[in-house]
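Residue numbers (this note's numbering), protein chains in the order written: chain A, 149 to 364; chain B, 149 to 364.
The structure under discussion appears below in the form of structure tokens.
2 protein chains.
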Amino acid sequence: MFQNTVKPCGRPRSFDEGRALEMATQVFWLKGYDGATIDDLVAGMGVGRPSLYAIFGNKQTLFLRVLQAYTEKKGARVTQALLSPQTLRDSLASFLRSAVESATEEGSAQGCLALCVAPLVNDVKVQEILQNAMAGVTALVEHRFRDGVSTGEIPPDFPVAVRASQLIDFVRGLTMRALLGIPRKTLLKDAEEAVDLVLLPRGGNAAPKGMFNERC
Amino acid sequence: MFQNTVKPCGRPRSFDEGRALEMATQVFWLKGYDGATIDDLVAGMGVGRPSLYAIFGNKQTLFLRVLQAYTEKKGARVTQALLSPQTLRDSLASFLRSAVESATEEGSAQGCLALCVAPLVNDVKVQEILQNAMAGVTALVEHRFRDGVSTGEIPPDFPVAVRASQLIDFVRGLTMRALLGIPRKTLLKDAEEAVDLVLLPRGGNAAPKGMFNERC
DNA sequence: GGAGTTTCTAACTAAATGTTTCAAAATACT
DNA sequence: AGTATTTTGAAACATTTAGTTAGAAACTCC
């Protein structure tokens with residue numbers, strides 16, 4: 149039984165699994181879940197049909213893997229943009245900029261892969277992946293806000309959870325606009341303004357004016 | 149030539165065109181554009197297949213009519229919520245509440261019909277309809293803000309265009325969350341907080357504290 | 001070189017899809 | 001009643017789809 153666990157030899161694969169997943173991402177993203185046919189995927193991924201089914205199961209499980217990998221990659225990108233050692237304002241600006249840039253990438257699909265899931269929106273696994281991703285990013289922003297409180301970049305009574313949630317909702321809005329073809333420049337400008345909106349202290353705050361932002 | 153413009157007689161229709169469009173809306177919304185088959189539409193709309201093609205052209209043109217009617221209906225709803233004679237704060241709250249409620253309607257599809265368009269996102273007509281709708285709503289919010297300025301509800305230097313755009317982006321975010329099954333209660337709470345975020349005067353404003361909002 | 005294993009190319013299947021055809025049915029006008 | 005006009009229902013059409021199968025090809029280890 150154990151002697152059977154020899155390394156597989158056989159004919160070597162003519163493609164890289166990770167690379168194939170990335171290409172599949174583009175195909176799904178560009179054409180939507182239903183719109184992407186197996187032919188499209190086979191052509192785009194550079195794998196044979198039987199290999200696709202042997203390795204990724206079927207169309208739906210392939211999409212799940214794509215979605216999972218996609219959210220992980222985005223998560224990593226967000227983490228990097230948000231947690232690099234810089235001021236809170238720069239962190240948020242960098243986060244929003246990164247989101248807009250990824251949603252308006254030239255030569256790639258626009259918007260967000262998650263906007264293609266409509267046909268699968270009732271799939272439990274899909275909901276789980278997306279809700280997890282959303283919660284993760286929100287938690288990350290919250291975390292960064294709490295850091296900002298402890299470093300004094302924002303006042304102690306800053307409503308961390310509320311602002312984090314609002315910022316994420318705002319990003320979702322930007323992303324949808326990207327899908328509809330609104331140019332990157334416009335979205336970048338709006339993103340910058342959003343940082344101010346979320347970050348600037350309110351009129352009723354006890355914090356002294358001008359402490360948190362030069363424009364204030 | 150003119151005597152030929154007699155009223156058509158023929159066999160009467162067994163369905164109401166407007167009602168059929170509404171049902172088609174639900175089908176597309178629930179299943180997505182690709183996911184909704186002609187069988188689904190025929191069953192949901194209560195029309196025969198040939199009638200569907202005779203009256204609505206084909207699937208794509210049917211969807212365009214559905215989308216057009218949908219945006220017009222939403223537009224009317226927004227107008228009503230936003231322009232009823234009430235304070236600016238109440239107008240915005242009512243607008244956001246209406247958006248959340250419509251996106252979380254029980255017994256109806258969740259989110260927004262526009263989130264089903266992925267397969268048609270490159271269709272010029274679809275982009276036109278959606279961009280028009282978006283621009284219309286934004287313009288309406290701007291208009292209400294300008295009213296608020298002239299009635300003194302918000303200070304003269306209130307960045308009308310920026311705030312309007314930000315509010316709409318925020319609504320888009322709420323809508324996407326509705327699609328993913330976030331409960332209405334949560335979204336309503338967030339919507340209320342968004343009104344504060346957008347409306348409250350900033351720390352650096354010349355306006356006296358407490359003038360525009362009792363909570364401030 | 002041959003046995004064993006894995007992947008590749010290419011053709012195939014069965015089901016589902018959007019769309020059309022055609023005769024029957026239902027109305028209005030003469 | 002008869003004719004013209006329009007809608008309806010059932011069936012059929014051509015195409016496309018997701019998924020499978022069969023055998024040739026490429027590799028490792030003996």
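Ideal placement from N, C-alpha and C gives every residue a C-beta, glycine not left out.
Bear in mind the structure is a predicted one, so any value in this text is a computation, not a measurement.
Listed by chain order, chain A residues near A342/B by CB distance under 9 Å: Within chain A, the residues near A342/B are Q314, D317.
Taking only beta-carbon atoms, is V346/B less than 9 Å away from chain A? Taking Cβ atoms only, chain A reaches closer than 9 Å to V346/B, which makes this a yes.
Over what stretch of residues does the alpha helix (DSSP H) that includes V274/B continue unbroken? Unbroken alpha helix (DSSP H) run through V274/B: 272-298.
Comparing C-alpha positions only, which one of H291/B, S239/B, D188/B sits nearest to R207/B? Arg is not the amino acid found at residue 207/B; the sequence shown has Lys there. Of H291/B, S239/B, D188/B, the smallest CA-CA separation from K207/B is found for D188/B.
Could you check the C-alpha separation between D305/B and G166/A for me, to the nearest Å? Each residue's alpha carbon lies about 52 Å from the other.
For M193/B, return the contacting residues in chain A, with the cut-off set at a CB-CB distance below 7 Å. Near M193/B there are no residues of chain A at all, since even the closest Cβ is about 20 Å away, more than 7 Å.
When the distance is taken between beta carbons, is G321/A closer than 9 Å to V343/B? Going by C-beta atoms, V343/B is not nearer than 9 Å to G321/A.
Near K179/A, which residues of its chain fall below 7 Å by C-beta distance, leaving aside the five closest residues on each side in sequence? Excluding sequence positions up to five before and after K179/A, its CB lies within less than 7 Å of the CB of D188, all in the same chain and listed in chain order.
Other residues of its chain near V274/A: CB distance less than 6 Å, five sequence neighbours each side excluded: V265, L268, listed in sequence order.
With distances taken Cα to Cα, identify the nearest neighbour of V289/A among V272/A, D238/A, V214/A. When only C-alpha atoms are compared, the closest one is D238/A.
Where the alpha helix (DSSP H) containing I302/A begins and where it ends: Judged by DSSP secondary structure, I302/A falls outside any alpha helix (DSSP H); it is assigned neither H nor E.
K130/B to S246/B, Cα distance in whole Å? The shown model of chain B, from 149 to 364, leaves out residue 130/B, and the question about it has no answer.
By the three-class DSSP mapping on this structure, what secondary structure does D338/B have? Note: D338/B maps to helix in three-state DSSP.
Quick check on P304/A - is its C-beta less than 9 Å from some C-beta in chain B? For P304/A, the closest Cβ of chain B is not nearer than 9 Å.
Count the other CB atoms within 10 Å of the CB of S250/A; is the residue buried (16 or more) or exposed (fewer)? Here S250/A is buried: its Cβ has 16 or more other Cβ atoms, across all protein chains shown, within 10 Å.
What does the Cβ neighbour count give for Q228/A, buried or exposed, with the cut at 16 atoms within 10 Å? Label assigned to Q228/A: exposed.
Using three-state DSSP, classify C157/A as helix, strand or coil. Here C157/A sits in coil by DSSP.
Own chain residues within Cβ distance below 6 Å of I203/B, not counting five before or after: Non-local beta-carbon contacts of I203/B in its own chain, meaning distances under 6 Å to residues more than five positions away in sequence, are absent.
Short check: CB of L261/B to CB of T334/B, under 9 Å? L261/B is not a Cβ neighbour of T334/B, given a cutoff of 9 Å.
Along the chain, where does the alpha helix (DSSP H) that runs through T227/A open and close? 207-231 is the extent of the alpha helix (DSSP H) around T227/A.
Which first and last residues belong to the alpha helix (DSSP H) in which L200/A is found? Here the alpha helix (DSSP H) through L200/A covers 197-204.
Please state whether DSSP places E254/B in a helix, a strand or coil. Coil.
For the alpha helix (DSSP H) containing T185/A, list its first residue and its last residue. From DSSP, T185/A is part of no alpha helix (DSSP H); its letter is neither H nor E.
Option in T299/B, G194/B, L278/B with minimal Cα separation from S162/B: Here the closest residue by C-alpha is G194/B.
Measuring alpha carbon to alpha carbon, tell me which residue in L236/B, A241/B, W177/B is nearest L212/B. The candidate whose alpha carbon is nearest that of L212/B is W177/B.
Exposed or buried, which one is F283/B when buried takes at least 16 other CB atoms within 10 Å? For clarity, residue 283/B is Ala in the given sequence; the question names Phe instead. A283/B comes out exposed.
Secondary structure of G329/B, DSSP reduced to three states: Three-state result, G329/B: coil.
Would you mind working out which of V175/B, E253/B, A312/B sits nearest G192/B, comparing C-alpha positions? Minimum Cα distance to G192/B is reached at V175/B.
Contact set between the region 262-296 of chain A and chain B, restricted to residues whose Cβ is under 7 Å from the partner: For the region 262-296 of chain A, which is checked against every Cβ of chain B, the residues closer than 7 Å are L263, C264, A266, P267, V269, Q275, L278, Q279.
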